[in-house]
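Chemist: Pasting a structure below so you can have a look.
Protein chains in written order, with our numbering: chain X, 52 to 575; chain W, 5 to 190.
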């Protein structure tokens, strides 16, 4: 037990310590423009107008008071509190904002971290010569790091100049303008995908779901185009014919079912192949200086330029079907992209290289990550306990299934799930052999999975934080899980993670990565 | 296990020796535990959330029992179990959590440990620090405590909280971290 805590409420809390000498080194704390209050009221009222109108139309005037409280009075009160408690100042190379009465919050943003100072104006802003200022850093999560709403236009300009001056990049174009004009670098093609590649990509992609969707749409169309009777007649005649093919009544349905599945599979393959060709026709990826240039597409021609240093994490993905053909997909996370994953995958932005033979993927890595030295490290396996633990987990599942079986059908046949323990062991053995990490002085690599493999390559300069975890079961086996966080993990599905690393090795590894990351600069 | 380095006196944190870049060993510094007052703070917060939770359960259970009086013994049983569980958590959890939490910082890396059963160690290279929040809720303030939230450009661990710090120390620690990380001194 710790020493007894102070009784609640006895000491009067001192004000935040750093507030006392405000402006000692920098400027005094600033408030937002007094017109903020007007904007608060305006925003609240404009939000209230629509519901109020609806209520008037519905002749429910009695509710208006309640709505007014919710939509006008409460927001205005919050706005008042915010206006009277919100201050900001630039001091000691930081932008410091403070707010709140009950829940006090103080945020220090080093000016060197500020990526963007956005100044925005609505209609009312323009009439009153006011602006909203949004301060963005590279920090993960949603929204801007600080919003100053509203400020006089002159004050916003002053703030922006102060931020940029201290940041040392008042003229963003200055650096490039001063340099002598160098001839544009010659593009070097790294990879071109043939139609054969794209057909292979289509055939090995899991598009069963899209097939089902298309069949459903077709079924719906058939329903609209043909009358119900026509379809029934057609199905009946088909069934009758199928029945005449096979003597037994029941097996006809089997034939029909299998036939439908095969048809669905074939349609799915065709859809996948066509989709793959339409999306990625003529795919080329080239190096242009320190940028990657990709262009592809049959109908919509797409091309994109990706500065190599924007690559946060690279992932080599091998799904089961592609494993059979020794094919892989390369994915990369780029900080600052949008996070609308559905749209990104439709436009092919989520993959760096849709399909590539496994060996070529490995040899292409230094092209995407120029300072990667393939010989700089070696793969370290995890603890052999991984095999035992995985097999134990699988065996327990098998035994559970056996138990359920025996409950419903207490015969010898119900014991079959026990036989599965052998393949479960084999699977875990294989998974263990492919689970591991690789560390050089600039890169961390991880790999996991056997049926479906995933390998991550992360430059240490992009490591944001390292988390190592230990569950109670891990503790018994003296192992733990490594998790490396990086910016914008959208396309690689969660970044590098390796379990069952011996706890002592894991701590040493985590500290090695953290120390190396701490002496590199993260350039966003 | 940890040093009881959190007496609310004015002396600074126990500082580790300057970190050697590239060294893989953790710094020689002892882990610093949270301010002991955090146990009281967690207990008070737990009482408040328990009252809300148990009250809610009482009303839900009550409305069920009114419609189906035969469910009374079950409802009373479940509610008592919930009550006993919260009581046990109130008594047991904060002091255990207090012992599980710990942090240390040298000039390059900050380490935060937490978790009673599910332990985790977070290592934050200070050059990755984007900005820092210092939050003080009303109950925290009455205990003289503050929570630091460290922000990186990461995804899953973009914000790393460190609760239960003495308010003045939290501000001092914040200034130190920002100074170490914010200038991107590499």
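Glycine residues also receive a C-beta, built at the ideal position from the N, C-alpha and C atoms.
#1: I'd like the list of long-range same chain contacts for residue 46 of chain W, defined as Cβ closer than 6 Å, with 5 residues on each side in sequence excluded.
#2: Please confirm if the stretch 553-572 of chain X is in contact with the stretch 505-519 of chain X, defined as three or more CB-CB distances below 8 Å between the two stretches.
#3: Taking the straight line between their C-alpha atoms, what separation do you get for residue 352 of chain X and residue 346 of chain X?
#4: Does any residue of chain X bring its CB to less than 9 Å from the CB of residue 106 of chain W?
#5: Starting from the C-beta of residue 340 of chain X, find all residues in its chain whose C-beta is less than 6 Å away, skip the five residues before and the five after it, and write them out in chain order.
#6: Roughly how many angstroms separate the alpha carbons of residue 541 of chain X and residue 399 of chain X, rounded to a whole number?
#7: To the nearest angstrom, how far is the alpha carbon of residue 180 of chain W from that of residue 33 of chain W?
#8: So with Cβ pairs under 9 Å, would you call residue 523 of chain X a contact of chain W?
#9: When the distance is taken between beta carbons, is residue 490 of chain X closer than 9 Å to residue 549 of chain X?
#10: Would you say the beta carbon of residue 151 of chain X comes nearer than 8 Å to a heavy atom of the ligand GDP?
#11: Compute the beta-carbon to beta-carbon distance between residue 137 of chain W and residue 39 of chain W, rounded to the nearest angstrom, for a pair I have assumed lies under 8 Å.
#12: Using a C-beta to C-beta distance shorter than 7 Å, which residues of chain X count as neighbours of residue 130 of chain W?
#13: Quick one: is residue 572 of chain X near chain W, going by C-beta distance under 9 Å?
#14: Report the rounded CA-to-CA distance for residue 488 of chain X versus residue 509 of chain X, giving the unit in angstroms.
#15: Using DSSP with H/G/I as helix, E/B as strand and the rest coil, what is residue 351 of chain X?
#16: Please look up how many angstroms separate the CB atoms of residue 86 of chain X and residue 134 of chain X, rounded, as I've assumed it's under 8 Å.
#17: Could you name the residues of the stretch 155-185 of chain X whose beta carbon sits closer than 7 Å to any beta carbon of chain W, in the order they occur along the chain?
#18: Establish whether the CB of residue 135 of chain W and some CB of chain X are separated by less than 9 Å.
#19: In the DSSP assignment, find the alpha helix (DSSP H) that holds residue 94 of chain X and state where it starts and stops.
#20: Per DSSP, residue 138 of chain X forms a beta bridge with which residues?
#21: Can you pull the chain W neighbours of residue 141 of chain X, defined as C-beta to C-beta under 7 Å?
#22: Is it true that the CB of residue 104 of chain W sits closer than 9 Å to the CB of residue 90 of chain W?
#23: Which residues, in chain order, does the stretch 526-543 of chain X contribute to contact with chain W at a C-beta distance below 7 Å?
#24: Tell me, to the nearest whole angstrom, how far the beta carbon of residue 61 of chain W is from that of residue 68 of chain W; I am working on the premise that it is less than 8 Å.
#25: Step through the CB atoms of chain X and report whether any lies within less than 9 Å of the CB of residue 182 of chain W.
#26: I'd like to know if residue 139 of chain W contacts chain X, where contact means its C-beta is closer than 9 Å to some C-beta of that chain.
#27: Going by C-alpha to C-alpha distance, which of W/37, W/36, W/35, W/48 sits closest to residue 143 of chain W?
#28: How would you list, in chain order, the residues of chain X whose beta-carbon sits under 8 Å from the beta-carbon of residue 142 of chain W?
#29: When you check each C-beta in the stretch 102-118 of chain X against every C-beta of chain W, which residues fall closer than 7 Å?
#30: Under a CB-based cut-off of 9 Å, is residue 566 of chain X close to chain W?
#31: Starting from the beta carbon of residue 118 of chain W, find every residue of chain X whose beta carbon is closer than 9 Å, and list them in chain order.
#32: Return the chain-ordered list of same chain residues with a C-beta closer than 6 Å to the C-beta of residue 130 of chain X, the five sequence neighbours on each side being excluded.
#33: Determine the burial state of residue 421 of chain X: buried for a count of at least 16 other Cβ atoms within 10 Å of its Cβ, exposed for fewer.
#34: If I follow the unbroken beta strand (DSSP E) through residue 247 of chain X, where does it start and stop?
#35: Taking any Cβ of chain W, which residues in the stretch 188-218 of chain X have a Cβ under 8 Å from it, in chain order?
#36: Rounded to whole angstroms, what's the CA-CA distance from residue 242 of chain X to residue 255 of chain X? Just pull it up for me.
Modeler: Let's see:
#1: The answer, listed in chain order, is 98.
#2: yes
#3: 7 Å
#4: no
#5: 236
#6: 13 Å
#7: 17 Å
#8: yes
#9: no
#10: In terms of ligand content, the structure shown is empty, and the ligand GDP therefore cannot be addressed.
#11: Contact flag wrong, Cβ pair sits at about 18 Å.
#12: Listed along chain X, the residues sitting closer than 7 Å to residue 130 of chain W by beta-carbon distance are 569.
#13: yes
#14: Looking at the two C-alpha atoms, the distance is approximately 11 Å.
#15: coil
#16: With 8 Å as the limit, residue 86 of chain X and residue 134 of chain X do not qualify as a contact, their Cβ atoms being about 10 Å apart.
#17: 155, 156, 157, 158, 159, 160, 161, 163, 164
#18: yes
#19: 87-108
#20: X/149
#21: Correct list: empty, because the minimum Cβ distance to chain W is about 13 Å.
#22: no
#23: 536, 537, 538, 539, 540
#24: 11 Å between Cβ atoms; not a contact.
#25: yes
#26: Yes, because at least one Cβ of chain X sits closer than 9 Å to the Cβ of residue 139 of chain W.
#27: W/48
#28: Under the 8 Å cutoff, chain X gives 153, 154.
#29: So the list is empty, because no residue satisfies the distance condition.
#30: yes
#31: By Cβ distance, chain X contributes nothing, its closest Cβ being about 10 Å from residue 118 of chain W, past 9 Å.
#32: 91
#33: Classification of residue 421 of chain X: exposed, given that the 10 Å Cβ count is below 16.
#34: Not the beta strand (DSSP E): residue 247 of chain X falls in the alpha helix (DSSP H), residues 246-255.
#35: 188, 189, 190, 191, 192, 196
#36: 20 Å
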